[in-house]
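Structure first, commentary second.
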Amino acid sequence: MEIADNGFIFSDDKSKIDVSAVHLFLSTKSYWAKEIPLETVRRSVENSLCFGIYQGTNQIGFARWITDRATFAYLADVYVDEEFRGQGLSKKLMTLMLFHPDLQGLRRYMLATRDAHNLYSQFGFKALENPENIMGITINDIYKNQKD
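Each residue of the sequence shown is one higher than the one before, counting from 0 in numbering that gives the first Met the number 0.
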């Protein structure tokens with residue numbers, strides 16, 4: 000699935016993904032994946048439904064769904080490079096992703112965010128109704144001092 004809009008390409012074609020660019024952003028500019036090893040990013044791309052935003056061949060945005068494509072999808076690693084923010088690119092990306100054929104008919108879509116509630120609420124995301132039913136294991140600073 001690929002859409003060209005206003006000089007940008009939105010695509011789910013994994014062969015277009017610049018894993019090094021995604022790694023650079025996640026490991027240095029994100030708050031959720033600081034110091035993530037390149038090999039970990041490579042494996043995450045290989046095992047997820049991924050979407051990129053491109054200007055020409057330059058990767059300027061990324062997102063991935065961790066999904067079984069039948070019942071559940073978790074949105075992760077969403078970003079748009081800082082110099083391209085404020086142009087509605089994340090909204091266009093979200094629209095493309097939510098209408099993707101592999102993500103239809105699922106019973107649950109989830110994500111975690113510290114600072115983008117306004118964006119995601121526009122697409123129907125809201126705080127969990129029964130958060131006490133959700134459990135998890137969080138390992139803080141897992142990537143700190145890991146080598147590629």
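Glycine included, every Cβ here is placed at the ideal spot set by N, Cα and C.
Please classify Asp76: does DSSP put it in a helix, a strand, or coil?
Looking up residue 76 in the sequence shown gives position 77. Here Asp76 sits in strand by DSSP.
Do the CB positions of Phe50 and Ala62 come within less than 7 Å of each other?
One-based indexing of the sequence shown puts residue 50 at position 51. One-based indexing of the sequence shown puts residue 62 at position 63. Cβ atoms of Phe50 and Ala62: closer than 7 Å.
Mapping DSSP to helix, strand and coil, what is Phe24?
Residue 24 sits at position 25 when you count from the first residue of the sequence shown. Helix.
Counting along the chain, where does the beta strand (DSSP E) carrying Leu88 start and finish?
Taking the first residue of the sequence shown as 1, we reach residue 88 at position 89. Not the beta strand (DSSP E): Leu88 falls in the alpha helix (DSSP H), residues Leu88 to Leu97.
Within 7 Å, strictly: CB atoms of Glu34 and Ser26:
Here residue 34 corresponds to residue number 35 of the sequence shown, with the count starting at 1. Here residue 26 corresponds to residue number 27 of the sequence shown, with the count starting at 1. Cβ distance < 7 Å, so Glu34 and Ser26 count as in contact.
Straight-line Cα distance separating Leu97 from Gly6:
Walking along the sequence shown from the start, residue 6 turns up at place 7. Walking along the sequence shown from the start, residue 97 turns up at place 98. When rounded, the distance between both Cα atoms is 22 Å.
At the level of alpha carbons, what is the spacing between Gln54 and Ser47?
Position 55 of the sequence shown, counting from 1, holds the residue named residue 54. Position 48 of the sequence shown, counting from 1, holds the residue named residue 47. Each residue's Cα considered, the two are about 22 Å apart.
Integer-rounded CB distance, given that Thr66 should sit under 8 Å from Ala72:
Within the sequence shown, the letter at position 73 stands for residue 72. Within the sequence shown, the letter at position 67 stands for residue 66. Rounded, the Cβ-Cβ distance is 4 Å, consistent with contact.
Looking at the structure shown, is Thr66 part of a helix, part of a strand, or coil, going by DSSP?
Within the sequence shown, residue 66 is the residue found at index 67, counting from 1. Thr66 falls in the strand class under three-state DSSP.
I need the boundaries of the alpha helix (DSSP H) containing Tyr119, first residue and last residue.
To locate residue 119, count along the sequence shown from 1; it is residue 120. Segment His116 to Ser120, the alpha helix (DSSP H) holding Tyr119.
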